[in-house]
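For what it's worth, the UniProt record's numbering labels the leading residue of the sequence shown as 1, then goes sequentially.
Read the structure below first, then the notes.
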Amino acid sequence: MESQNTQHVQQVDRHLKDSGFLKISLKFDDDECNYLQQLILQLHKNHAHGLPITHSSSKGWLWDVRPLPAALANATTNQARSETMSNFPWHTDCSYEDSPPRYFALQVLREDRCGGEFRITVPPEFIKDENKTHITGNVVWVDKNMGKVHLRLRSDTIEPLTTRAESALEELRKVLASTEINAQVVYLTPEISPRGSIVMIDNRRWLHARNVVRDPSRHLRRVRWDVQPFGEM
Numbered sequence: 001m002e003s004q005n006t007q008h009v010q011q012v013d014r015h016l017k018d019s020g021f022l023k024i025s026l027k028f029d030d031d032e033c034n035y036l037q038q039l040i041l042q043l044h045k046n047h048a049h050g051l052p053i054t055h056s057s058s059k060g061w062l063w064d065v066r067p068l069p070a071a072l073a074n075a076t077t078n079q080a081r082s083e084t085m086s087n088f089p090w091h092t093d094c095s096y097e098d099s100p101p102r103y104f105a106l107q108v109l110r111e112d113r114c115g116g117e118f119r120i121t122v123p124p125e126f127i128k129d130e131n132k133t134h135i136t137g138n139v140v141w142v143d144k145n146m147g148k149v150h151l152r153l154r155s156d157t158i159e160p161l162t163t164r165a166e167s168a169l170e171e172l173r174k175v176l177a178s179t180e181i182n183a184q185v186v187y188l189t190p191e192i193s194p195r196g197s198i199v200m201i202d203n204r205r206w207l208h209a210r211n212v213v214r215d216p217s218r219h220l221r222r223v224r225w226d227v228q229p230f231g232e233m
């Protein structure tokens, strides 16, 4: 299997470290995500990636990203945004964690066939410690050694605590809505990312968003790995 191939794993690691973005197209069925799990284990073993994290107190490494049936959704107290069909603006995964994961991956099991001065609240569905419902930290950090900007952003969980932070957040929102940024957006349509596609992303260097989900059977599976305190490498 390619996930055990030393050269293949090395190429994946290099792509993630250089550009922070990679799309893989599987040529075989793998609904159990065995390739992806083995690939991450090899990245951990040979390239110093941290192991995957659990998604919450009740979830393991893999999280099913798909709309919940209406009846189940209505009965669920803490429903994740990923379990709805609503749009999800630009954000970083786990922005509410002291040590957010460096990377995350999404495997397409079924594509959509219908077309430091901030208080950051932990969404109820991701609370792991009942005594820790928020953190205080920065949204942007500049790695001066590498010359790279690191972000953690999710607008619906961030509360600016100072006037300077409020102004900075508003400026960031304007930048994200600018034509210059829109011209650099990578659109992963169902045609580009059909069943069997895996998207791997540097969670600190790329923001991601989602349109309204039109197909209630759309199904992705997500894994996050390599946690590090924000502001450290």
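Think of the CB as a built atom: it goes at the ideal place given N, C-alpha and C, for glycine as much as any other residue.
Taking only runs that begin and end inside the segment 78–149, name each unbroken beta strand (DSSP E) of 3 or more residues, in chain order.
-> The segment 78–149 contains these whole beta strand (DSSP E) runs: 88–91, 101–110, 118–121, 134–137, 140–143.
Tell me whether the beta-carbon of Gly137 lies closer than 8 Å to the beta-carbon of Ile158.
-> Their beta carbons are not under 8 Å apart, which means Gly137 does not touch Ile158 by this criterion.
Entirely enclosed beta strand (DSSP E) segments - the segment 31–68, minimum 3 residues = 63–65
With DSSP collapsed to three states, give me the class of Ala165.
-> helix
Of the choices Ser95, Pro89, Trp225, Gly60, whose alpha-carbon is the least far from that of Gly231?
-> Measuring from the Cα of Gly231, the nearest candidate turns out to be Ser95.
Which residues DSSP lists as bridging Val199, in chain order = Lys23, Leu106
Excluding the five sequence neighbours on either side, which residues of its own chain have a C-beta within less than 8 Å of the C-beta of Val212, listed in chain order?
-> Met85, Ser86, Asn87
Evaluate contact between the segment 183–192 and the segment 10–18, counting only Cβ atoms and requiring at least three cross-stretch pairs below 8 Å.
-> no
Cutoff 8 Å; reference Val9; Cβ partners in own chain excluding five residues on either side = Ser3, Leu39, Gln42, Leu43, Asn46, His47
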